[in-house]
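Residue numbers (full-length UniProt numbering): 1 to 289. Heads up, the beta-carbon is just placed ideally off N, CA and C, and yes, glycines get one too. Scroll down for the structure; my scribbles are underneath it.
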Amino acid sequence: TMLAYLLAERHGRSVCLIDPGASKPWRNNYGVWQEEWDALSAKLELPLNSGLDTQWDFTDVWFGGSWEVPVDSCIRLDRKYARVQRAKLKELLTSSKVQLFEEALDVQAIATNIFDGPSLRHDASGSTITLPSGKVIRSKLVVDTSGSESRLTRRMPGAGESPAPAPGYQIAYGFEVVVDGSIHYAPDAMTLFDYRTDHLSHDPEWERRAVESPTFMYAMPLGPAPGGSGSASQRVFFEETSLVARPAMSFEECKKRAFARLKHLGVAYRPETITDEEFCYIPMGGDLP
């Protein structure tokens, strides 16, 4: 979306965006280091801060319970963090100069730049895209932004390089919920990592698996709950994440660990208020396109 916006708005290019989900809300939550976001905003000369909502002055990390580090030891980083407001950022980066087609190419690469159907054809002067609707688009450049499991791009090692190992996977389960009373984590800080495993000590086998295949809790305090008074009820986005594993951890395991952790920490959440559930799946590594 940003690439299309910049090409159309800043460089005057004729741009088409082909995305079957273009009108749908962006799904996943994203957090950013404030100083990096500010630098990007300045570089692009865009008011990107209008695409943020909650901001924290500090970032906390928890690594206690191993290597003789006390389990209640918290490291505070004096770095600001912020949550992206997805709807506002999408609105900011939407350009009326970009032609939008809410369709998907039904095509599979069978060799480099060779496809199994007529939807995409490359030649010496550009590319021809034929959409399911019959619309034909002629382009000088096609940018594939469909991710590491793209059907349009083959991934192979470079000359003289060995094939990359099978990718690892980042898997996470997240949700927003109303918490009554203490959220355990500091309400004025964003908790980037809580890697502790003491919440599983009641089940030695489960704890062993958690040590071998670790996950961490990520917590964003979002302020008072609607209708609440003061700090009695808070909205929090929690997410239990497997940073990278091969094979991938299941969403169900991340979910079980998340709720086991909250129970151990004495976090009294209201199950009926769970919203914005997130199932995050990101392949990591692999060959370059």
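Report the partner residues of L120 according to the DSSP bridge assignment. Residue pairing from DSSP places L120 in a beta bridge opposite I129.
Please classify T241 as buried or exposed, where buried requires at least 16 neighbouring CB atoms within 10 angstroms. Counting other Cβ atoms within 10 Å of its Cβ, T241 reaches 16 or more and is therefore classed as buried.
List, from N- to C-terminal side, the beta strand (DSSP E) runs of 3 residues or more that fit wholly inside the segment 188-222. With a minimum length of 3 residues, the continuous beta strand (DSSP E) runs that stay inside the segment 188-222 are 189-194.
Quick check on T94: does DSSP put it in helix, strand or coil? If DSSP states are grouped into helix, strand and coil, T94 belongs with coil.
Within its chain, find whatever has a CB closer than 6 Å to the CB of L192; leave out the 5 residues flanking it on each side and keep chain order. Apart from the 5 residues on each side of it in sequence, L192 sits with its Cβ closer than 6 Å to the Cβ of T59, V61 in its chain, given in chain order.
Which stretch, first to last residue, makes up the beta strand (DSSP E) that contains D19? Where D19 is concerned, there is no enclosing beta strand (DSSP E), given that its DSSP letter is neither H nor E.
Grab the span of the alpha helix (DSSP H) containing D38 for me, first residue to last. Looking at the DSSP string, the run of the alpha helix (DSSP H) that includes D38 is 34-44.
Is there at least one non-hydrogen atom of the ligand MG closer than 7 Å to the beta-carbon of L6? Judged by which ligands are present, the structure shown has none, so any question about the ligand MG falls away.
Looking at C-alpha atoms only, which residue of C74, T94, D72 is the closest neighbour of P25? It is T94.
Under 8 Å by Cβ, that's how I've got V98 and A8 pegged, so tell me the actual separation to the nearest angstrom. With 8 Å as the limit, V98 and A8 qualify as a contact, their Cβ atoms being about 5 Å apart.
For E102, collect the residues of the same chain with a Cβ closer than 7 Å to its Cβ; drop the 5 residues on either side in sequence, then sort them by chain order. Cβ neighbours of E102 beyond the five flanking positions: D19, P20, A22, S23.
Can you give the Cα-Cα distance for Y169 and V267, rounded to whole angstroms? Inter-residue distance for Y169 and V267 is about 29 Å (C-alpha atoms, whole angstroms).
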